[in-house]
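K.L.:
Numbering of the sequence shown is given in the working numbering, commencing with residue 159 and proceeding in unit increments. C-beta atoms are modelled at their ideal positions from N, C-alpha and C, and glycine is treated no differently. Just so we're clear, the structure is a prediction, and the values are computed from it rather than from any experiment.
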Amino acid sequence: MSSGYTKRSAIAVGFAAALGLSNPAFAATATGSFTVQITIQSSCILVSASTLTFTSVGVISANDDSSSALSVQCTNTTPYNIGLNAGTGVGATVASRKMTGPAGALVNYTLYSDTARTVLWGQTIGTDTVAGTGTGAAQPYTVYGRVPVQTTPAAGAYTDTVTVTITY
(Lines of atoms letter the chains of each structure in order from A and count residues from 1; the text may use other names and numbers.)
(Lines give C-alpha, C1' and ligand atoms only; values in the text may rest on other atoms or scores of the structure.)
Protein backbone atom coordinates (compact mmCIF):
# COMPACT_ATOMS: atom_id res chain seq x y z
CA MET A 1 0.00 0.00 0.00
CA SER A 2 2.83 2.28 0.61
CA SER A 3 4.03 2.02 -2.98
CA GLY A 4 0.52 2.92 -4.31
CA TYR A 5 0.34 5.78 -1.91
CA THR A 6 3.83 6.93 -2.83
CA LYS A 7 3.07 6.66 -6.51
CA ARG A 8 -0.08 8.72 -6.18
CA SER A 9 1.72 11.25 -4.01
CA ALA A 10 4.54 11.56 -6.50
CA ILE A 11 2.10 12.15 -9.34
CA ALA A 12 0.18 14.74 -7.33
CA VAL A 13 3.38 16.51 -6.26
CA GLY A 14 4.66 16.45 -9.86
CA PHE A 15 1.40 17.83 -11.21
CA ALA A 16 1.29 20.55 -8.55
CA ALA A 17 4.89 21.48 -9.29
CA ALA A 18 4.18 21.67 -13.00
CA LEU A 19 1.26 23.98 -12.37
CA GLY A 20 3.23 26.13 -9.98
CA LEU A 21 6.19 26.47 -12.30
CA SER A 22 4.29 27.30 -15.47
CA ASN A 23 3.86 30.98 -16.33
CA PRO A 24 0.33 32.23 -16.94
CA ALA A 25 -0.39 33.23 -20.58
CA PHE A 26 -1.48 36.85 -20.12
CA ALA A 27 -1.73 39.05 -23.22
CA ALA A 28 -0.28 42.52 -23.02
CA THR A 29 -2.69 45.46 -23.61
CA ALA A 30 -2.37 49.11 -24.33
CA THR A 31 -5.15 51.67 -24.45
CA GLY A 32 -5.68 54.98 -26.13
CA SER A 33 -8.56 57.13 -27.22
CA PHE A 34 -9.81 59.09 -30.19
CA THR A 35 -12.23 61.96 -30.64
CA VAL A 36 -15.55 61.64 -32.45
CA GLN A 37 -17.11 64.86 -33.68
CA ILE A 38 -19.63 66.39 -36.05
CA THR A 39 -20.47 70.00 -36.81
CA ILE A 40 -24.18 70.65 -37.27
CA GLN A 41 -24.82 73.73 -39.37
CA SER A 42 -28.07 75.66 -39.44
CA SER A 43 -30.06 74.22 -42.31
CA CYS A 44 -33.60 73.84 -43.61
CA ILE A 45 -35.22 71.68 -46.28
CA LEU A 46 -38.64 71.47 -47.86
CA VAL A 47 -39.58 67.88 -47.02
CA SER A 48 -42.80 67.80 -49.04
CA ALA A 49 -45.42 69.95 -50.72
CA SER A 50 -48.71 68.54 -51.96
CA THR A 51 -50.71 69.75 -54.94
CA LEU A 52 -53.42 72.31 -54.18
CA THR A 53 -56.43 71.12 -56.16
CA PHE A 54 -59.61 73.17 -56.40
CA THR A 55 -63.02 71.66 -57.16
CA SER A 56 -63.90 71.21 -60.82
CA VAL A 57 -66.64 73.71 -61.63
CA GLY A 58 -68.63 74.78 -64.65
CA VAL A 59 -69.08 78.40 -63.62
CA ILE A 60 -67.10 80.24 -60.91
CA SER A 61 -70.14 81.68 -59.14
CA ALA A 62 -68.99 81.14 -55.54
CA ASN A 63 -65.69 81.07 -53.68
CA ASP A 64 -63.95 77.73 -54.13
CA ASP A 65 -61.80 76.96 -51.07
CA SER A 66 -59.20 74.23 -50.85
CA SER A 67 -55.97 73.49 -48.99
CA SER A 68 -52.72 71.61 -49.33
CA ALA A 69 -49.87 70.69 -47.05
CA LEU A 70 -46.19 71.38 -46.94
CA SER A 71 -43.57 70.19 -44.51
CA VAL A 72 -40.35 71.93 -43.48
CA GLN A 73 -37.45 70.47 -41.52
CA CYS A 74 -34.87 72.76 -39.93
CA THR A 75 -32.03 72.25 -37.51
CA ASN A 76 -33.17 72.42 -33.89
CA THR A 77 -33.49 76.05 -32.66
CA THR A 78 -32.95 77.51 -36.16
CA PRO A 79 -35.40 80.37 -36.83
CA TYR A 80 -36.87 80.40 -40.35
CA ASN A 81 -39.47 82.03 -42.60
CA ILE A 82 -41.49 80.25 -45.29
CA GLY A 83 -42.34 82.36 -48.31
CA LEU A 84 -44.55 81.62 -51.32
CA ASN A 85 -43.91 83.58 -54.50
CA ALA A 86 -46.62 84.95 -56.80
CA GLY A 87 -46.38 81.95 -59.13
CA THR A 88 -45.73 81.87 -62.86
CA GLY A 89 -49.03 83.25 -64.21
CA VAL A 90 -48.77 86.40 -66.33
CA GLY A 91 -49.43 89.47 -64.18
CA ALA A 92 -49.63 87.46 -60.94
CA THR A 93 -49.07 89.10 -57.56
CA VAL A 94 -49.18 87.64 -54.07
CA ALA A 95 -52.65 89.19 -53.68
CA SER A 96 -53.90 87.78 -56.99
CA ARG A 97 -52.11 84.72 -58.29
CA LYS A 98 -53.09 83.35 -61.70
CA MET A 99 -53.51 79.84 -63.07
CA THR A 100 -52.99 79.65 -66.84
CA GLY A 101 -55.19 77.56 -69.11
CA PRO A 102 -56.20 77.20 -72.76
CA ALA A 103 -55.01 79.99 -75.08
CA GLY A 104 -53.43 81.79 -72.11
CA ALA A 105 -56.74 82.28 -70.29
CA LEU A 106 -56.35 82.94 -66.55
CA VAL A 107 -58.13 81.98 -63.32
CA ASN A 108 -57.36 84.16 -60.29
CA TYR A 109 -56.69 82.59 -56.90
CA THR A 110 -55.12 83.53 -53.57
CA LEU A 111 -53.09 81.68 -50.95
CA TYR A 112 -53.43 82.22 -47.22
CA SER A 113 -51.71 81.07 -44.04
CA ASP A 114 -54.89 80.94 -41.93
CA THR A 115 -58.11 78.93 -42.09
CA ALA A 116 -60.26 82.09 -42.23
CA ARG A 117 -58.39 83.04 -45.41
CA THR A 118 -57.63 86.56 -44.27
CA VAL A 119 -53.79 86.50 -44.03
CA LEU A 120 -52.14 86.43 -47.46
CA TRP A 121 -49.12 84.13 -47.75
CA GLY A 122 -46.38 85.87 -49.69
CA GLN A 123 -42.62 86.17 -49.72
CA THR A 124 -41.77 89.38 -47.81
CA ILE A 125 -40.14 88.45 -44.49
CA GLY A 126 -41.83 90.19 -41.57
CA THR A 127 -44.88 91.01 -43.67
CA ASP A 128 -46.54 87.95 -45.20
CA THR A 129 -44.28 84.93 -44.66
CA VAL A 130 -44.84 82.26 -42.02
CA ALA A 131 -42.18 82.21 -39.28
CA GLY A 132 -41.10 79.21 -37.25
CA THR A 133 -38.27 77.71 -35.23
CA GLY A 134 -36.75 74.37 -36.14
CA THR A 135 -37.17 71.35 -33.90
CA GLY A 136 -34.93 69.03 -35.90
CA ALA A 137 -38.02 67.15 -37.09
CA ALA A 138 -40.37 67.83 -40.00
CA GLN A 139 -42.98 70.49 -39.17
CA PRO A 140 -46.27 70.54 -41.11
CA TYR A 141 -47.97 73.65 -42.49
CA THR A 142 -51.26 74.08 -44.30
CA VAL A 143 -51.62 76.33 -47.34
CA TYR A 144 -55.19 77.62 -47.66
CA GLY A 145 -56.33 78.56 -51.16
CA ARG A 146 -59.33 80.33 -52.63
CA VAL A 147 -60.59 80.84 -56.16
CA PRO A 148 -62.83 83.91 -55.77
CA VAL A 149 -65.97 84.63 -57.78
CA GLN A 150 -64.89 85.88 -61.21
CA THR A 151 -65.85 85.81 -64.86
CA THR A 152 -65.52 82.19 -65.89
CA PRO A 153 -62.92 81.67 -68.63
CA ALA A 154 -62.91 78.95 -71.31
CA ALA A 155 -63.25 75.32 -70.24
CA GLY A 156 -60.00 73.43 -69.73
CA ALA A 157 -57.26 72.65 -67.22
CA TYR A 158 -55.62 75.59 -65.44
CA THR A 159 -52.32 75.36 -63.56
CA ASP A 160 -49.69 77.44 -61.86
CA THR A 161 -46.39 76.72 -60.14
CA VAL A 162 -45.62 78.44 -56.83
CA THR A 163 -42.08 78.43 -55.45
CA VAL A 164 -41.59 77.83 -51.72
CA THR A 165 -38.58 79.63 -50.23
CA ILE A 166 -37.31 78.87 -46.73
CA THR A 167 -35.10 81.64 -45.37
CA TYR A 168 -33.03 80.81 -42.28
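According to DSSP, simplified to helix, strand and coil, what is residue 260?
P.N.:
helix
K.L.:
Does the segment 230-247 come within contact of the segment 310-320, defined as at least 3 CB pairs closer than 8 Å?
P.N.:
Yes, since at least three Cβ pairs between the segment 230-247 and the segment 310-320 fall closer than 8 Å, the two stretches touch.
K.L.:
Compare the C-alpha of residue 300 against each of 287, 196, 199, 261 and name the closest.
P.N.:
287
K.L.:
Helix, strand or coil, according to DSSP, for residue 229 in the structure here?
P.N.:
DSSP places residue 229 in strand when its eight states are reduced to three.
K.L.:
Are the CB atoms of residue 298 and residue 201 nearer to each other than 8 Å?
P.N.:
no
K.L.:
Between the alpha carbons of residue 223 and residue 239, how many angstroms are there, rounded?
P.N.:
Taking the straight line joining both Cα atoms gives about 24 Å.
K.L.:
Using the Cβ count rule (16 or more neighbours within 10 Å means buried), how would you classify residue 324?
P.N.:
The residue in question, residue 324, is buried, as its Cβ has 16 or more Cβ neighbours within 10 Å.
K.L.:
Would you kindly work out how many angstroms separate the C-alpha atoms of residue 188 and residue 195, rounded to a whole number?
P.N.:
24 Å
K.L.:
Taking all protein chains shown into account, decide if residue 277 is buried (16 or more other Cβ within 10 angstroms of its Cβ) or exposed.
P.N.:
exposed
K.L.:
In the DSSP assignment, what residue or residues form a beta bridge with residue 298?
P.N.:
In the DSSP assignment, residue 298 is bridged to 229.
K.L.:
Could you check what DSSP says for residue 206 in three-state terms: helix, strand or coil?
P.N.:
strand
K.L.:
Skipping 5 residues on each side, what residues in its chain have a beta carbon closer than 7 Å to that of residue 235?
P.N.:
Non-local beta-carbon contacts of residue 235 in its own chain, meaning distances under 7 Å to residues more than five positions away in sequence, involve 291, 292 in chain order.
K.L.:
DSSP has residue 304 in a bridge; who is on the other side?
P.N.:
223, 268
K.L.:
How about residue 322 and residue 207: are their beta carbons less than 8 Å apart?
P.N.:
yes
K.L.:
Where does residue 288 sit, in a helix, a strand or coil, going by DSSP?
P.N.:
strand
K.L.:
Please classify residue 221 as buried or exposed, where buried requires at least 16 other C-beta atoms within 10 Å of its C-beta.
P.N.:
Exposed: under 16 other Cβ atoms inside 10 Å.
K.L.:
Quick one: give me the first and last residue of the beta strand (DSSP E) that residue 241 is part of.
P.N.:
237-242
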